[in-house]
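Peer 1: Okay, handing you the structure first.
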Amino acid sequence: MNTEYLRITDERADADAIRRAGAVIQDGGLVAFPTETVYGLGADAFNAEAAQKIYAAKGRPSDNPLIVHIADIASLDEVACDVPDQARQLAERFWPGPLTMIFRKCENLPKETTGGRDTVAVRFPSNTCAQALIAAAGGFVAAPSANVSGRPSPTNGTDVMEDLDGRVDIVLDDGETVVGLESTIIDMTCEPPEILRPGAVTVDQIREIIPAVVQHASGADDEARAPGMKYRHYAPKAPLHLCNGAVVVDQIQMACDEDKQKGLKTGVLTCTENAPFYRADCVQVLGSERKPEEMAHRLYSCLRAFDRAGVDVIYSECFNPEGIGYALMNRLEKAENQTETE
Ligand code: AMP
Ligand code: MG
Numbered sequence: 004m005n006t007e008y009l010r011i012t013d014e015r016a017d018a019d020a021i022r023r024a025g026a027v028i029q030d031g032g033l034v035a036f037p038t039e040t041v042y043g044l045g046a047d048a049f050n051a052e053a054a055q056k057i058y059a060a061k062g063r064p065s066d067n068p069l070i071v072h073i074a075d076i077a078s079l080d081e082v083a084c085d086v087p088d089q090a091r092q093l094a095e096r097f098w099p100g101p102l103t104m105i106f107r108k109c110e111n112l113p114k115e116t117t118g119g120r121d122t123v124a125v126r127f128p129s130n131t132c133a134q135a136l137i138a139a140a141g142g143f144v145a146a147p148s149a150n151v152s153g154r155p156s157p158t159n160g161t162d163v164m165e166d167l168d169g170r171v172d173i174v175l176d177d178g179e180t181v182v183g184l185e186s187t188i189i190d191m192t193c194e195p196p197e198i199l200r201p202g203a204v205t206v207d208q209i210r211e212i213i214p215a216v217v218q219h220a221s222g223a224d225d226e227a228r229a230p231g232m233k234y235r236h237y238a239p240k241a242p243l244h245l246c247n248g249a250v251v252v253d254q255i256q257m258a259c260d261e262d263k264q265k266g267l268k269t270g271v272l273t274c275t276e277n278a279p280f281y282r283a284d285c286v287q288v289l290g291s292e293r294k295p296e297e298m299a300h301r302l303y304s305c306l307r308a309f310d311r312a313g314v315d316v317i318y319s320e321c322f323n324p325e326g327i328g329y330a331l332m333n334r335l336e337k338a339e340n341q342t343e344t345e
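Written out as structure tokens, the structure reads:
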């Protein structure tokens, strides 16, 4: 397949590119598009065959559900049933934005879109290019992140092309995403509602509307509750080790020196403050510890840079798990666990 790569530059080019991309989705094709979290790989949510193409393009297991993206709050009731009042309050407060909510799905939404489930995940993104595309595509775009399954999510058009060139009809490039980590996911079908994946909308913010909200703790029911979690996610190719403690820099440097002697190519993931102290083959800097948003935003680019450098092992510092730092540490912990088991 020949992938058309369209850079969103000015308003007039936008309108034309987006109209065409919307038509491609309406015809059952695939379009990779920017959102404020990460790039998405979109198809018509009501077209079962098109949804299946997403799984094929990504190499994604077919029981890992997609998120249905909408471009206005009213559309929620066309894909979801039994929407509780608290969900409407969350929508008022956080939509458009990086929050995904799970509901019972409407009868006519195909199960191919929802990974065979009778629930549906719904999000209204704030990126204006995404909103225009969703509207041009008929209002309901099913999309996971626009990476090959198992790789870090893409946060710019170049990373999308690295994974999906030749596998999708169109890639819309709108530059760097703002958040850089996937949306917060909250399951509204249970009581109390439960956060399945942390993101830029934090548990403290949600608690202001739902005081009883709980955070999902990894455990035996993960497969049933947070299906994406059982698959390799968020991970670079090399094993990643998280290191913590007062002498973390010394510890990491010692481990690197030992690995180097064994002939291994080493990688270190660090913050601006500690970067000068490392001697490794590839040092990736997330940003200043004082700017957790910037660190979160750069995570996946740094993980992809390790892949490109071909390192054999990665050591990462632990960072302050407050605010968006909680989601950052969540992704790093997943990366550590998943590289360890594979
Ligand atoms: P991605 O954005 O690529 O991580 O893909 C969407 C993620 O949303 C999946 O991996 C699931 O973890 C989650 N998700 C989507 N729909 C549901 C659902 N109905 N129930 C639980 N989790 C869901
Ligand atoms: Mg993903």
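Read in order, the letters of the sequence shown are residues 4 to 345 in the working numbering. Each residue gets a CB set at the ideal place from its N, CA and C atoms; glycine is no exception. All of these numbers come straight from a predicted model, not from anything done at the bench.
Whole angstroms are fine: how far does the CA of A146 sit from the CA of R154?
Peer 2: The straight-line gap from Cα to Cα measures roughly 16 Å.
Peer 1: If contact is defined by three or more beta carbon pairs under 8 Å, each pair taking one atom from either stretch, is the region 213-227 in contact with the region 283-293?
Peer 2: In short, these stretches do not touch, since the Cβ pair count stays below three.
Peer 1: Measuring from the CB of S186, is there a heavy atom of ligand 2 at a distance below 6 Å?
Peer 2: Not so, every heavy atom of ligand 2 lies at least 6 Å from the Cβ.
Peer 1: Along the chain, where does the alpha helix (DSSP H) containing V71 start, and where does it finish?
Peer 2: V71 -> not in any alpha helix (DSSP H); beta strand (DSSP E) instead, spanning I70 to H72.
Peer 1: By how many angstroms is the C-alpha of I173 removed from the C-alpha of T6?
Peer 2: Their backbone Cα atoms lie some 5 Å apart in a straight line.
Peer 1: Kindly indicate which residue of F280, E165, P239 and P242 has the alpha-carbon position closest to the one of A35.
Peer 2: Answer by Cα proximity: E165.
Peer 1: Just the residues with CB closer than 6 Å to a heavy atom of ligand 2, in chain order, which are they?
Peer 2: Listed along the chain, these residues meet the criterion: P147, S148 and S156.
Peer 1: Are the beta-carbon atoms of S186 and P101 separated by less than 7 Å?
Peer 2: Yes, Cβ-Cβ distance for S186 and P101 is below 7 Å.
Peer 1: Would you mind listing the alpha helix (DSSP H) stretches within the region 9-71 that are 4+ residues and don't spill past its ends, in chain order?
Peer 2: Those alpha helix (DSSP H) runs which fall completely within the region 9-71 and span 4+ residues are 14-29 and 51-61.
Peer 1: Using alpha carbons as the reference points, say which of P324, A46, T269 and D66 lies closest to I57.
Peer 2: When each option's Cα is compared against that of I57, the closest is A46.
Peer 1: Assuming E325 and T273 make a contact with CB atoms under 8 Å, what is their CB distance in whole Å?
Peer 2: Contact doesn't hold; Cβ gap of about 19 Å is too wide.
Peer 1: Using CA atoms only, rank isn't needed, just tell me which of V171, H219 and L167 is closest to I189.
Peer 2: If we check each option's Cα against that of I189, H219 comes out closest.
Peer 1: Which residue comes first and which comes last in the alpha helix (DSSP H) that contains S319?
Peer 2: Unbroken run through S319 is the beta strand (DSSP E), V316 to E320; no alpha helix (DSSP H).
Peer 1: How would you call V82, buried or exposed, if buried means at least 16 neighbouring beta carbons within 10 angstroms?
Peer 2: Buried, because 16 or more other Cβ atoms sit within 10 Å of the Cβ of V82.
Peer 1: If you draw a straight line from the alpha carbon of H244 to that of V182, how long is it in whole angstroms?
Peer 2: Their backbone Cα atoms lie some 24 Å apart in a straight line.
Peer 1: Given K268, which residues of its chain have a CB within under 6 Å of its CB, disregarding the five upstream and five downstream residues?
Peer 2: Answer for K268: D284, V314 and D315, listed in chain order.
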